[in-house]
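Beneath this line is the structure, given in C-alpha coordinates, with notes to follow.
Residue numbers (my numbering): 1263 to 1323.
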(Lines of atoms letter the chains of each structure in order from A and count residues from 1; the text may use other names and numbers.)
(Lines give C-alpha, C1' and ligand atoms only; values in the text may rest on other atoms or scores of the structure.)
Protein backbone atom coordinates (compact mmCIF):
# COMPACT_ATOMS: atom_id res chain seq x y z
CA UNK A 1 0.00 0.00 0.00
CA UNK A 2 1.13 3.53 -0.60
CA UNK A 3 0.83 6.71 1.45
CA UNK A 4 -2.16 7.67 -0.67
CA UNK A 5 -4.00 4.62 0.66
CA UNK A 6 -4.05 6.25 4.08
CA UNK A 7 -4.15 9.91 3.09
CA UNK A 8 -7.85 10.56 3.53
CA UNK A 9 -9.76 12.73 5.98
CA UNK A 10 -10.88 9.80 8.14
CA UNK A 11 -7.25 9.08 9.13
CA UNK A 12 -6.36 12.72 9.90
CA UNK A 13 -6.02 14.11 13.43
CA UNK A 14 -8.32 17.02 12.51
CA UNK A 15 -11.21 14.86 11.31
CA UNK A 16 -14.31 14.90 13.51
CA UNK A 17 -17.48 12.87 13.14
CA UNK A 18 -20.67 13.48 15.08
CA UNK A 19 -24.29 12.44 14.84
CA UNK A 20 -26.80 15.30 14.72
CA UNK A 21 -30.52 14.61 14.33
CA UNK A 22 -29.87 11.00 13.23
CA UNK A 23 -27.43 12.14 10.51
CA UNK A 24 -23.66 11.95 10.49
CA UNK A 25 -21.70 15.18 10.17
CA UNK A 26 -18.05 15.06 9.15
CA UNK A 27 -15.98 18.14 9.85
CA UNK A 28 -12.35 19.24 9.54
CA UNK A 29 -11.37 21.30 12.58
CA UNK A 30 -8.29 22.61 10.77
CA UNK A 31 -10.01 23.78 7.58
CA UNK A 32 -13.24 24.70 9.41
CA UNK A 33 -15.68 23.10 7.00
CA UNK A 34 -17.58 19.91 6.34
CA UNK A 35 -15.82 17.08 4.57
CA UNK A 36 -16.25 13.36 3.95
CA UNK A 37 -14.15 10.46 5.27
CA UNK A 38 -12.90 9.59 1.78
CA UNK A 39 -11.82 13.12 0.80
CA UNK A 40 -8.13 13.99 0.72
CA UNK A 41 -6.33 17.33 1.16
CA UNK A 42 -2.67 18.37 1.10
CA UNK A 43 -2.81 19.36 4.78
CA UNK A 44 -3.25 15.75 5.97
CA UNK A 45 -1.76 14.95 9.40
CA UNK A 46 -2.10 11.23 10.21
CA UNK A 47 -3.43 9.91 13.51
CA UNK A 48 -0.96 8.10 15.75
CA UNK A 49 -2.27 4.61 14.95
CA UNK A 50 -1.95 5.32 11.22
CA UNK A 51 1.67 6.41 11.66
CA UNK A 52 2.44 3.19 13.53
CA UNK A 53 0.75 1.09 10.85
CA UNK A 54 2.68 2.84 8.08
CA UNK A 55 5.96 2.36 9.97
CA UNK A 56 5.16 -1.31 10.56
CA UNK A 57 4.59 -1.80 6.84
CA UNK A 58 7.78 0.10 5.98
CA UNK A 59 6.02 2.98 4.26
CA UNK A 60 7.16 6.59 4.27
CA UNK A 61 5.16 9.20 6.13
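For every residue, glycine included, the Cβ atom is placed at its ideal position computed from N, Cα and C.
None of these values were measured; they are calculated from a predicted model.
When DSSP states are grouped into helix, strand and coil, residue 1285 belongs to the strand group. Close CB contacts of residue 1272 within its chain, under the 6 Å cut and outside five residues either way in sequence, are with 1299 (chain order).
Our two residues, residue 1294 and residue 1276, have alpha carbons roughly 10 Å apart in a direct line. Judged by DSSP secondary structure, residue 1316 falls within the alpha helix (DSSP H) whose first and last residues are 1310-1318. In its chain, beyond the 5 residues on either side, 1268 and 1273 have a beta carbon closer than 6 Å to the beta carbon of residue 1312.
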